[in-house]
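Going by my numbering, the sequence shown wraps up at 170, each residue one higher than the last. We treat Cβ as the ideally placed atom computed from N, Cα and C, and that holds for glycine.
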Amino acid sequence: TTGEELYNDGTIEVSVNGDFVSSTSYTYDLGEAVLDMCFPSFDSIQVSNPTNDAWTGSIMASIDGGSIFNYLECTNCAGATSTEKIVVDGNSTGVAQASTQCMGGISCDLLVYTKTTRLVSTSGEWVT
């Protein structure tokens with residue numbers, strides 16, 4: 043969900059299992075949901091932003107059919123790792139908007155985890 047603070051609105055690309063499910067051709071408004079979809083399963087989630095219009099917000103996912111949603115962990119972001127507040131930017135002008143930063147247009151990998159289970163991908167296989 044897009045953040046509510048000044049300059050949080052912007053563009054973001056989201057990929058699930060390697061397929062784009064959102065596009066940077068749309069600018070998300072403050073407080074607007076980027077994606078609210080169900081998938082039979084997912085192995086990977088990536089976010090990126092090839093534009094210079096930074097997007098800041100929170101990213102959550104559920105692995106139990108929507109009963110419990112958890113923030114994700116960004117494995118290659120700068121700064122912090124939680125997607126409770128993350129900035130995704132094609133350059134680095136939005137760096138101060140969040141402590142978790144996906145900058146420079148790179149594709150950032152997000153993992154689903156809970157306090158008791160952390161999923162780690164090794165060679166495409168999920169292990170706990």
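Quiz item: Using the rule of at least 16 other Cβ atoms within 10 Å of the residue's Cβ for burial, across every protein chain shown, is Cys116 buried or exposed?
Solution: buried
Quiz item: Can you check whether the CB of Ile128 is closer than 9 Å to the CB of Ala103?
Solution: no
Exercise. Could you tell me which of Asn94, Asn59, Gly136 and Gly99 sits nearest to Val76, measuring between CA atoms?
Key: Gly99
Quiz prompt | For Leu48, the residue or residues it bridges with in DSSP | solution = DSSP output for Leu48 lists no bridge partner at all.
Quiz prompt | Cβ neighbours of Gly52 in the same chain (closer than 6 Å, five flanking residues each side left out) | solution = Asp95, Ala96 and Trp97
Self-check item: Outcome for Ser65 when other beta-carbon atoms lying within 10 angstroms are tallied against a minimum of 16
Solution: exposed
Quiz prompt | Euclidean distance between Cα positions of Asn112 and Asn133 | solution = 28 Å
Self-check item: Closest by C-alpha distance to Val154, when choosing among Ala138, Ser57 and Leu114
Solution: Leu114
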